[in-house]
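Trainee: For the sequence shown, this note's numbering gives the first residue as 10, with consecutive numbering after it. Take a look at the following structure, please.
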Amino acid sequence: MLKKNIVLIILCAASLMSCARDAAQQAKSSFAIGEKAPGFSLKDIEGKEVRLADFSGKTVVLEFWATWCPPCKSSVADLIRVQDKYKAGNVVVLAISVDEGQDIASKLTAFAKENNINYRILIGTEDISRAFNVRSIPTVIVIDSSGVARSSHTGYADDFISLLSSEIDKLL
């Protein structure tokens, strides 16, 4: 009986510590719509360093996604169209992959070629997902030319391209 109680106490303590850690991590991120987006520096699938600051003066459509996510795959065609439509208008699409495992860059490169992706794909980290409070994918954040996050969308809908285009048009 004493062993069972000790095991229960240990399990309860571990659970409380996990909850406290999660709450502390959430509290670290002060990201909110209407405020400056967190800066980052990530490698793209070609191994080049990409910083959010590199796109100062441009509107950035930032998507958190994964190759295994069906709604994320649905958003690819819309993001290709956004990149095509606005490339001359100081708009850039960046897709931050949350894929995990071995040789992510090769996997993402193959996915990009297979889907004719015309925007930059970055290899994400837990820290960057946490900094932007990403809890599910796809998550798309629109950042204006001064670096302020103007909107955030989670999930995918058939009229996503219309919504995204409308938001971008208001910022240009």
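Yeah, the Cβ is synthetic: ideal placement off N, Cα and C, and Gly gets one too.
Do I150 and V100 have their C-beta atoms closer together than 8 Å?
Mentor: Here residue 150 refers to the residue found at position 141 of the sequence shown. Here residue 100 refers to the residue found at position 91 of the sequence shown. Going by C-beta atoms, I150 is not nearer than 8 Å to V100.
Trainee: When you compare only the Cα positions, how much space is there between C28 and E55?
Mentor: Within the sequence shown, numbered from 1, the residue matching residue 28 stands at position 19. Within the sequence shown, numbered from 1, the residue matching residue 55 stands at position 46. Low confidence applies here, because C28 scores a pLDDT of 40, under 50, leaving its location unreliable and the question unanswered by this model.
Trainee: Just list the residues that DSSP pairs I150 with in beta bridges.
Mentor: The sequence position of residue 150 within the sequence shown is 141, counting from 1. L71 and S161.
Trainee: Under three-state DSSP, which class holds D87?
Mentor: As a working note, residue 87 is residue 78 in the sequence shown. If DSSP states are grouped into helix, strand and coil, D87 belongs with the helices.
Trainee: Between which two residues does the alpha helix (DSSP H) harbouring R144 extend?
Mentor: Counted from its first residue, the sequence shown places residue 144 at position 135. Run containing R144: none; DSSP gives neither H nor E here.
Trainee: Look up S50 in the DSSP assignment and give the residues it is bridged to.
Mentor: Here residue 50 corresponds to residue number 41 of the sequence shown, with the count starting at 1. S50 is bridged to R60.
Trainee: Quick check: what's the CA-CA separation for R90 versus Y128?
Mentor: Translated into positions along the sequence shown, residue 90 becomes position 81. Translated into positions along the sequence shown, residue 128 becomes position 119. Taking the straight line joining both Cα atoms gives about 10 Å.
Trainee: Starting from L103, trace the beta strand (DSSP E) in both directions and tell me its first and last residue.
Mentor: As a first step, residue 103 must be located in the sequence shown, where it is residue number 94. Note, L103: beta strand (DSSP E), V100 to S106.
Trainee: Considering Cα atoms alone, identify which of V85, I105, T68 and V59 is closest to I152.
Mentor: As a position in the sequence shown, residue 152 is number 143, starting the count at 1. Considering only alpha carbons, the answer is T68.
Trainee: Hey, how far is the Cα of P47 from the Cα of L173?
Mentor: Within the sequence shown, residue 47 is the residue found at index 38, counting from 1. Within the sequence shown, residue 173 is the residue found at index 164, counting from 1. Looking at the two C-alpha atoms, the distance is approximately 21 Å.
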